[in-house]
Amino acid sequence: MCSRGYSVPMSDKSAIEWTEATWNPTTGCDRVSEGCDNCYALALAKRLKAMGVEKYQTDGDPRTSGPGFGVAWHEDTLSAPYAWRKPRLVFVNSMSDLFHARVPVSFVRDVFQVMRETPQHTYQILTKRSKRLLRLASDLHWPENVWMGVSVESADQFDRVSHLQAVPAAVRFLSCEPLLGPLSGIPLDGIDWVIAGGESGPNARSLDPEWVREIRDRCREFSTPFFFKQWGGVRAKSGGRTLDGKLWSEMPTPRHAPRTLAEASL
2 MCSRGYSVPM SDKSAIEWTE ATWNPTTGCD RVSEGCDNCY ALALAKRLKA MGVEKYQTDG
62 DPRTSGPGFG VAWHEDTLSA PYAWRKPRLV FVNSMSDLFH ARVPVSFVRD VFQVMRETPQ
122 HTYQILTKRS KRLLRLASDL HWPENVWMGV SVESADQFDR VSHLQAVPAA VRFLSCEPLL
182 GPLSGIPLDG IDWVIAGGES GPNARSLDPE WVREIRDRCR EFSTPFFFKQ WGGVRAKSGG
242 RTLDGKLWSE MPTPRHAPRT LAEASL
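The opening residue of the sequence shown carries number 2 in my numbering; numbering runs sequentially from there.
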């Protein structure tokens with residue numbers, strides 16, 4: 002969960018550069034590492050609670066979460082992807098973490114079933130709970146239209162990469178955002194895509210261009226697609242997203258062709 006940047010917290014279009022839509026069958030989260038310190042979703046959940054939005058009325062522990070950001074799962078949201086006729090690239094849980102310990106295993110399986118039954122869409126899941134991801138991976142059916150990623154904001158989180166490498170997802174990706182330090186020697190064996198970017202918001206931490214170049218060059222070494230999302234700043238778009246005069250918008254090569262549900266059943 003939590004790529005730094007604004008996203009409509011429902012089944013709708015997204016302003017996140019590397020996806021097309023967001024789908025939030027769960028909401029809420031808790032801080033687990035430094036990358037969570039300025040979480041946009043935490044601040045947004047507080048506003049949505051004040052606006053009376055039903056999905057954001059559960060409060061989290063004030064030590065790790067906040068108003069409207071308590072972990073909750075929403076059965077009524079599971080049906081949304083069936084109604085989307087046009088294939089789309091979907092970020093799952095821009096406002097939560099599907100592998101949070103409080104999300105029941107049965108509900109995680111329900112989410113995977115929806116993704117399996119809507120093969121016309123491609124789903125991107127991002128987690129910081131890589132240990133639980135690895136623990137549940139063998140109990141989940143991994144359809145080819147599911148991309149699985151982990152957040153790696155600093156070298157202290159390289160263990161998340163090793164956990165992801167053992168997961169049988171068709172596409173495995175890393176989100177190095179907000180990038181908080183150099184990731185020298187980041188392991189990319191079995192990794193199909195890397196996103197990097199700086200933090201945004203009033204308390205945004207600075208991004209050293211050399212950290213980004215190091216990741217880009219590492220991706221080149223492994224022939225791994227590289228996507229540079231933003232330099233960040235007070236506003237997400239403040240610094241643009243060009244690196245050395247170039248936009249880096251590489252995407253992983255899909256290992257499946259989008260199909261309709263009818264075609265999938267043939």
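The beta-carbon is built from N, C-alpha and C at its ideal position, and this holds for glycine as well.
Quick one: Cα of residue i to Cα of residue j, how far?
i: L90; j: P82; result: 11 angstroms
i: H1; j: S97; result: Absent from the model: residue 1. The displayed extent of the chain is 2 to 267, so no value can be given.
i: W194; j: M252; result: 7 angstroms
i: D38; j: T119; result: 35 angstroms
i: G36; j: R86; result: 35 angstroms
i: D245; j: W74; result: 42 angstroms
i: G241; j: L248; result: 10 angstroms
i: M52; j: G69; result: 10 angstroms
i: G234; j: A44; result: 17 angstroms
i: V33; j: A167; result: 22 angstroms
i: E21; j: F100; result: 22 angstroms
i: Q121; j: P88; result: 5 angstroms
i: T65; j: A102; result: 14 angstroms
i: S239; j: N146; result: 33 angstroms
Is the Cβ-Cβ distance between residue i and residue j less than 8 angstroms?
i: V109; j: L137; result: yes
i: Q231; j: G199; result: yes
i: G67; j: A42; result: no
i: L134; j: V153; result: no
i: F174; j: I196; result: yes
Bridge partners for residue i per DSSP, in chain order?
i: G150; result: L127, F174
i: I196; result: S176, F228
i: F92; result: T23, Q125
Is it buried or exposed for residue i, if we count other Cβ within 10 angstroms and need 16 for buried?
i: S250; result: exposed
i: D1; result: Past the boundaries of the shown model lies residue 1; the chain is included only from 2 to 267, so the question cannot be answered.
i: M149; result: buried
i: T27; result: buried
i: S201; result: buried
i: V72; result: buried
i: D31; result: buried
i: N204; result: exposed
i: R236; result: exposed
Less than 7 angstroms between the CB of residue i and some heavy atom of the ligand SAH, yes or no?
i: S152; result: You won't find the ligand SAH in this model; it holds no ligand whatsoever.
Inset, instruction - Specify whether the region 113 to 127 and the region 45 to 64 touch according to this definition: at least 3 beta carbon pairs, one from each stretch, less than 8 angstroms apart. - result: no
Inset, instruction - Evaluate contact between the region 201 to 213 and the region 150 to 162, counting only Cβ atoms and requiring at least three cross-stretch pairs below 8 angstroms. - result: no
Inset, instruction - Could you tell me whether the region 177 to 192 touches the region 116 to 130, where touching means 3 or more Cβ pairs closer than 8 angstroms? - result: no
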